[in-house]
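Participant: Pasting in a structure now, in structure tokens, and then I'll have a few things to ask.
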Amino acid sequence: DAGITQSPRYKITETGRQVTLMCHQTWSHSYMFWYRQDLGHGLRLIYYSAAADITDKGEVPDGYVVSRSKTENFPLTLESATRSQTSVYFCASSEQGDTQYFGPGTRLTVL
Amino acid sequence: QQQVKQSPQSLIVQKGGISIINCAYENTAFDYFPWYQQFPGKGPALLIAIRPDVSEKKEGRFTISFNKSAKQFSLHIMDSQPGDSATYFCAASKGDDKIIFGKGTRLHILP
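Here is the structure:
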């Protein structure tokens with residue numbers, strides 16, 4: 019189906035483990051984004067990408083790594099998960115930087 | 002200067018009433034002001050957006066009012082319905098493809 023998908027939808031991991039969250043879009047949008055959503059903080063930008071092989075930091079990049087070797091994929095890796103990274107993670111894509119289309123989210127719990 | 006301040010944090014409105022959510026910004030370079038709607042367990046979705054060359058935009062029961070001199074904009078939901086119960090985010094961007102989100106308003110419409 020066309021659109022933007024995220025996997026897994028739910029993930030429980032332990033402190034110190036590496037975790038990768040996947041994001042895939044079928045529109046060939048140039049821009050992709052990763053946000054985390056926490057109560058009281060709204061949506062905070064972690065990383066974004068303007069095109070394949072181009073990435074840039076957002077508001078809260080520490081502890082996260084991204085890559086974008088293909089236009090349609092934008093994985094987010096937590097290199098060594100911490101409890102403070104327990105959150106709901108949203109991926110989004112955009113063609114021209116105005117309207118962003120969000121995925122369904124990944125709920126991550128770090129024990 | 003990059004912040005978008007949103008109020009109130011939560012709002013309860015009777016069915017049929019008017020819901021009003023306000024946002025303020027500092028950066029005069031912002032030129033795109035979208036509102037996103039998020040239902041529980043879902044990703045945010047664009048509801049309505051405005052550019053600063055107009056003072057108002059209406060789509061059905063949803064209206065954005067924009068005051069450029071005051072650097073404020075608001076969302077009005079007329080004849081509010083229980084199905085409008087959701088979290089609403091205002092946002093702003095200045096063409097470099099990052100959107101700055103407000104912290105969100107949890108709206109509950111009483112049946």
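The listed protein sequences correspond, in order, to chains A and B.
Quick note: to get the working numbering, add 18 to the position in the first sequence (first position is 1).
Quick note: to get the working numbering, add 1 to the position in the second sequence (first position is 1).
A virtual CB, placed ideally from N, CA and C, is assigned to each residue, including glycine.
What residues in the segment 73 to 99 of chain A bring their beta carbon closer than 8 Å to a beta carbon of chain B?
Facilitator: Answer set for the segment 73 to 99 of chain A: Gly-76.
Participant: Here's the rule I'm using: 16 or more other beta-carbon atoms within 10 Å means buried, otherwise exposed. How should Val-55 (chain B) be labelled?
Facilitator: With fewer than 16 Cβ atoms within 10 Å of its Cβ, Val-55 (chain B) is classed as exposed.
Participant: Of all Cβ atoms in chain B, is any one closer than 8 Å to the Cβ of Thr-124 (chain A)?
Facilitator: no
Participant: Give me the subset of the segment 3 to 30 of chain B whose CB atoms are less than 7 Å from a CB atom of chain A, sorted by chain position.
Facilitator: Those residues of the segment 3 to 30 of chain B that come within reach of chain A (Cβ to Cβ, closer than 7 Å) do not exist; the list is empty.
Participant: By Cβ distance below 6 Å, which residues in the same chain neighbour Asn-91 (chain A) in space, the five residues on each side in sequence not counted?
Facilitator: These residues qualify, in order along the chain: His-42.
Participant: Just confirm the distance between the C-beta atoms of Leu-61 (chain A) and Tyr-107 (chain A), as a whole number of angstroms; I'd bet it's less than 8 Å.
Facilitator: In fact, because the Cβ distance is near 10 Å, the residues do not count as touching under 8 Å.
Participant: Using three-state DSSP, classify Arg-86 (chain A) as helix, strand or coil.
Facilitator: coil
Participant: Please check if any C-beta of chain B sits within less than 8 Å of the C-beta of Leu-63 (chain A).
Facilitator: yes
Participant: As a quick exercise: from A:Ala-99, A:Tyr-53, A:Ser-87 and A:Pro-26, pick the residue whose alpha carbon is nearest that of Val-78 (chain A).
Facilitator: The option with the nearest alpha carbon to Val-78 (chain A) is A:Tyr-53.
Participant: What residue does the beta strand (DSSP E) around Lys-36 (chain B) start on, and which one ends it?
Facilitator: What sits at residue 36 (chain B) in the sequence shown is Trp, not Lys. 34 to 39 is the extent of the beta strand (DSSP E) around Trp-36 (chain B).
Participant: What first and last residue would you give for the beta strand (DSSP E) that runs through Ile-188 (chain B)?
Facilitator: Any property of residue 188 (chain B) remains undetermined from this structure, which presents chain B solely from 2 to 112.
Participant: Determine, using beta carbons only, whether Lys-72 (chain B) and Thr-64 (chain B) come nearer to each other than 8 Å.
Facilitator: no
Participant: Give the interface partners of Gln-118 (chain A) over in chain B, defined as CB-CB distance under 7 Å, in chain order.
Facilitator: Ile-100
Participant: Looking only at C-alpha atoms, which of A:Ser-25, A:Arg-101, A:Leu-94 and A:Tyr-28 sits nearest to Lys-75 (chain A)?
Facilitator: Closest option to Lys-75 (chain A), Cα to Cα, is A:Leu-94.
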